[in-house]
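Residue numbers (our numbering): 15 to 160.
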């Protein structure tokens with residue numbers, strides 16, 4: 015088996031476990047209270063799934079795009095909010111990876127993302143901006159180191 019196939023299979027085993035054991039059991043509460051699926055994202059972070067598509071040489075697992083799509087499907091079967099957050103994050107990661115052109119800034123950012131398991135968001139979906147990427151109105155307050 016190829017390294018990518020092995021990485022994909024291991025990644026999806028972990029995703030299915032998270033979907034079954036964490037995302038699914040919390041889905042009703044996430045929906046009922048219209049809240050962020052923190053438990054699922056914490057579990058994805060612990061599994062290092064937030065950097066799954068990042069190339070191995072930059073600290074990620076180098077899983078395939080197909081595996082990411084399958085992961086979204088698996089999460090979505092249990093908790094649509096978890097799948098949406100994961101998918102939106104991965105859209106940003108895939109875009110960064112696909113547009114690497116030797117620019118050290120983006121390579122460095124992806125290395126940090128893989129190391130710290132950062133969750134990436136986009137101003138384009140922020141309520142109140144009308145998609146205007148130059149005027150984010152969301153404030154981030156760090157809750158601790160990292």
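Just so you know, even glycine gets a beta-carbon here, dropped at the ideal spot from N, CA and C.
Three-state secondary structure (DSSP) of residue i
| i | result |
| --- | --- |
| residue 90 | helix |
| residue 67 | coil |
| residue 38 | helix |
| residue 54 | helix |
| residue 174 | Nothing in the structure corresponds to residue 174, since the chain is present only between 15 and 160. |
| residue 131 | coil |
| residue 48 | coil |
| residue 19 | helix |
| residue 78 | coil |
| residue 62 | coil |
| residue 117 | coil |
| residue 136 | coil |
| residue 157 | coil |
| residue 73 | coil |
Of the residues the options, the one placed nearest residue i, counting alpha carbons only
| i | options | result |
| --- | --- | --- |
| residue 23 | 57, 79, 131 and 126 | 79 |
| residue 88 | 132, 120 and 26 | 26 |
| residue 95 | 33, 126 and 77 | 33 |
| residue 75 | 39, 119, 127 and 115 | 127 |
| residue 17 | 49, 48 and 77 | 77 |
| residue 19 | 39, 82, 115 and 62 | 82 |
Classification of residue i by the beta-carbon crowding that lies within 10 angstroms, buried from 16 upward
| i | result |
| --- | --- |
| residue 122 | exposed |
| residue 51 | buried |
| residue 92 | buried |
| residue 47 | exposed |
| residue 157 | exposed |
| residue 70 | exposed |
| residue 21 | buried |
| residue 42 | exposed |
Cβ-Cβ distance between residue i and residue j below 7 angstroms
| i | j | result |
| --- | --- | --- |
| residue 124 | residue 72 | yes |
| residue 134 | residue 103 | yes |
| residue 110 | residue 120 | yes |
| residue 28 | residue 61 | yes |
| residue 54 | residue 37 | yes |
Minimum Cβ-Cβ distance from residue i to chain B less than 7 angstroms
| i | result |
| --- | --- |
| residue 126 | Structure shown: chain B not included; a single protein chain is present. |
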